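The structure appears right after this line, and notes come after that.
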Amino acid sequence: MHQQQKSGTDPYVEFIDVGVTKPSPAGTSMVILDRISFTARQGEITGIIGASGSGKSTLIRLCNRLDDPSAGTIELNGQNIATIDPLLLRRKIAMVLQKPFMFEGTLLENLQRPFMFRKLAPPSAGSLEITRVLDLVQLPAEMLDRDARSLSGGEQQRVNLARALINHPEVLLLDEPTSALDRPSTAHLASTLCNICQSEHLAIIVVTHDLYLAEHIVNHLIYLEEGRIVEQGVGPQMLAKPQTTALSNFLAKPEKSSS
Amino acid sequence: MNTPHIIPLNVIQLVYAYALILISLALARWQQIGHEKQLLWSSIRMLFQLIAVGYLLHLVFAINSPLPVMLMLLAMAGFSLQVAGSRIKKRMPNFYRVVGSSIIIGCGGVTFYFCLVVIGYSPWFDPRYLIPLAGMIFGNAMNGASLAAERLSSEMHERREEIECALSLGATSRQSAAEAIRNAYSAALRPTINTMAATGIVALPGMMTGQILSGTEPIIAVRYQIAILCAITGAVAVTSFLIVQQGYRHFFTDAHQLKSE
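These protein sequence lines are chains A and B, in that order.
All residue numbers for the first sequence refer to numbering that gives the first Met the number 0, where the first residue is 0 and numbers rise by one.
All residue numbers for the second sequence refer to numbering that gives the first Met the number 0, where the first residue is 0 and numbers rise by one.
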């Protein structure tokens with residue numbers, strides 16, 4: 000399933016010395032992320048792994064400006080994202096949150112939401128936009144009339160993904176996408192992500208504690224510990240031959256819970 | 000028909016009335032229900048506060064000039080704000096600024112519209128009208144205000160996931176908080192709506208009862224009651240609307256980010 004990625008693609012999302020500090024209850028400042036630098040390229044899946052509290056969820060929230068960094072810059076194809084209108088940025092950089100949230104209404108209405116946010120006429124059930132995203136996440140069109148909240152966890156995660164893809168994003172962020180899924184659903188999602196990454200030529204950044212994803216679909220892997228990048232490299236190689244004791248310790252005892 | 004004059008209560012009669020509080024105390028003690036201290040303390044507070052207000056009103060009525068009346072209205076607004084604030088466990092960001100300005104604009108606006116346009120007495124500051132009417136309007140709007148502010152905070156807290164999901168899909172702060180705003184506004188209005196529907200059946204309102212006791216024709220008293228209920232509804236609606244519309248903004252940054260709690 001693993002995609003062999005040619006190197007030399009355009010840089011897409013680039014973190015340059017990014018840091019996040021937050022005030023701690025004691026009154027001092029707490030370092031959440033420290034001098035993070037990496038590049039996520041189009042057509043590649045960048046995976047971020049690490050224990051709970053390593054800062055991986057904070058990191059991914061910086062990409063679509065749900066939070067802002069305290070230091071450093073993040074660039075989207077060479078442009079500092081702090082200078083891009085956040086509403087426009089979030090159409091270019093879509094995000095799938097950890098827990099699939101379904102708005103009240105049918106599956107179709109959930110897919111129409113992003114259009115309503117932009118005050119555009121929502122596409123109808125048979126339209127090109129809807130069939131495109133249903134195909135991408137492999138959901139049958141007969142499900143469009145179903146109450147979104149009555150769908151199974153795996154199906155909701157697919158709707159979540161389809162809804163994120165409907166704005167034709169350039170970058171897709173996923174925060175622990177498999178935390179509510181069983182193994183078959185995880186495998187299904189993994190192959191879907193691989194296909195989407197190639198067919199839509201997306202840069203995908205996925206935060207996960209699930210080594211299955213890291214092993215099978217991630218091209219560029221980053222291991223975070225206490226807010227620092229300890230090791231980064233090509234996914235399968237890094238997992239097979241960790242260069243640091245920190246990563247080998249983590250691989251020997253990966254945490255089940257997410258941060 | 001002669002206008003019947005209200006029977007003035009003397010101190011002895013008040014002592015008789017107070018006997019009812021003593022009965023409540025005795026019942027509480029006998030059945031070991033507790034709260035005797037609170038009951039006693041509250042009844043003493045009520046006694047002194049009302050006597051103080053009585054003398055204050057007497058003074059303001061005697062002076063009969065705009066300044067003391069306006070000062071009294073400002074004090075009412077201040078107390079409403081303070082009571083609304085003390086009732087809420089988790090205050091929203093910029094609570095006093097948001098709720099204070101909403102009470103002043105909402106209640107102040109409705110009070111003056113009601114006094115000048117609806118009733119249309121003169122002079123405009125006549126304390127006999129302005130003070131009791133403003134008191135009822137501020138008191139009710141204060142309840143609405145604390146409901147609106149409290150519900151908005153809890154909705155914004157409980158709906159964090161939904162809001163961030165909407166923001167991630169390109170929604171503005173307002174669009175992402177729409178449901179929270181709607182629920183907070185409707186929670187603030189519900190008691191007033193229920194009161195209107197039950198008035199006259201479940202309970203006779205205080206103002207109407209008071210007017211009837213002091214000799215006003217019931218038909219006129221009813222008209223006043225209808226008018227004041229409309230004013231109260233308007234004040235609660237405008238004040239709560241201003242609170243939720245201003246309030247939700249303080250949960251977000253300018254970049255449509257939900258602030259951390």
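All C-beta atoms in this analysis are idealised placements derived from N, C-alpha and C, irrespective of residue type, glycine included.
In this text the structure is predicted, and so the values were computed from the model without any measurement.
{"Asked": "Amino acids of chain B, ordered along the chain, whose beta-carbon sits closer than 7 Å to that of residue 85 (chain A)", "Found": "254 and 255"}
{"Asked": "Chain B contact for residue 100 (chain A) (CB, 7 Å cutoff)", "Found": "yes"}
{"Asked": "CB contact check: residue 168 (chain B) to chain A, cutoff 7 Å", "Found": "yes"}
{"Asked": "C-alpha gap between residue 116 (chain B) and residue 48 (chain B), whole angstroms", "Found": "32 Å"}
{"Asked": "Inter-stretch contact at 8 Å, needing at least 3 Cβ pairs: the stretch 128-146 of chain B / the stretch 99-110 of chain B", "Found": "yes"}
{"Asked": "Proximity of residue 237 (chain B) and residue 105 (chain B) at Cβ, strictly below 7 Å", "Found": "yes"}
{"Asked": "Test: residue 113 (chain A) CB closer than 7 Å to a CB of chain B", "Found": "yes"}
{"Asked": "contact_flag[the stretch 172-190 of chain B, the stretch 139-155 of chain B] where n(CB pairs < 8 Å) is 3 or more", "Found": "yes"}
{"Asked": "For residue 29 (chain A): DSSP bridge partner residues", "Found": "A:21"}
{"Asked": "contact_flag[the stretch 59-77 of chain B, the stretch 219-229 of chain B] where n(CB pairs < 8 Å) is 3 or more", "Found": "no"}
{"Asked": "Residue 97 (chain A) (DSSP reduced to helix, strand or coil)", "Found": "coil"}
{"Asked": "Chain B contacts made by the stretch 60-83 of chain A, where a contact means CB separation under 8 Å", "Found": "63, 64, 65, 66 and 67"}
{"Asked": "Cβ of residue 12 (chain B) within 7 Å of any chain A Cβ", "Found": "no"}
{"Asked": "Sheet register partners of residue 222 (chain A) (DSSP bridge)", "Found": "A:48 and A:230"}
{"Asked": "Chain-order list of residues whose beta-carbon lies under 6 Å from that of residue 14 (chain A) (same chain, five-residue window excluded)", "Found": "35, 36, 37 and 73"}
{"Asked": "CB contact check: residue 89 (chain A) to chain B, cutoff 7 Å", "Found": "yes"}
{"Asked": "Selection from A:235, A:227 and A:222 that minimises the alpha carbon distance to residue 248 (chain A)", "Found": "A:222"}
{"Asked": "Among A:240, A:169 and A:130, the one whose alpha carbon lies nearest that of residue 111 (chain A)", "Found": "A:130"}
{"Asked": "Start-to-end residues for the beta strand (DSSP E) that takes in residue 70 (chain A)", "Found": "70-75"}
{"Asked": "Spatial distance of residue 173 (chain B) from residue 36 (chain B) (CA atoms)", "Found": "48 Å"}
{"Asked": "Under 9 Å from the C-beta of residue 267 (chain A): neighbouring residues of chain B", "Found": "With chain A represented from 0 up to 258, any question about residue 267 (chain A) goes unanswered, as that position is not in the structure."}
{"Asked": "Environment of residue 231 (chain A) [buried if 16+ CB atoms lie within 10 Å]", "Found": "buried"}
{"Asked": "Per DSSP, the bridge partner or partners of residue 78 (chain A)", "Found": "A:75"}
{"Asked": "Inter-residue Cα distance where the pair is residue 232 (chain B) and residue 103 (chain B)", "Found": "16 Å"}
{"Asked": "Length of the line joining the Cα atoms of residue 96 (chain B) and residue 85 (chain B)", "Found": "15 Å"}
{"Asked": "Cutoff 7 Å: residue 96 (chain A) Cβ touching any chain B Cβ", "Found": "yes"}
{"Asked": "is_contact[residue 116 (chain A), chain B] using C-beta, thresh 7 Å", "Found": "yes"}
{"Asked": "First through last residue of the alpha helix (DSSP H) which encompasses residue 134 (chain A)", "Found": "127-136"}
{"Asked": "Residue 162 (chain A): contacting residues in chain B (beta-carbon distance under 8 Å)", "Found": "168"}
{"Asked": "Contact set for residue 235 (chain A): own chain, Cβ-Cβ below 6 Å, skip 5 residues either direction", "Found": "none"}
{"Asked": "Chain A contacts made by the stretch 150-166 of chain B, where a contact means CB separation under 9 Å", "Found": "160, 161, 163, 164, 165 and 166"}
{"Asked": "Cβ separation of residue 214 (chain A) and residue 53 (chain A), assumed to be a contact under 8 Å, to the nearest whole Å", "Found": "Wrong, their Cβ atoms sit about 19 Å apart, outside the cutoff."}
{"Asked": "DSSP-derived helix/strand/coil call for residue 120 (chain A)", "Found": "coil"}
{"Asked": "Coarse secondary structure for residue 13 (chain A), derived from DSSP in three states", "Found": "strand"}
{"Asked": "Selection of the stretch 204-234 of chain A by Cβ proximity to chain B, strictly under 8 Å", "Found": "none"}
{"Asked": "Selection of the stretch 152-180 of chain A by Cβ proximity to chain E, strictly under 9 Å", "Found": "Annotation note: the requested chain E is absent from the structure, which comprises protein chains A and B."}
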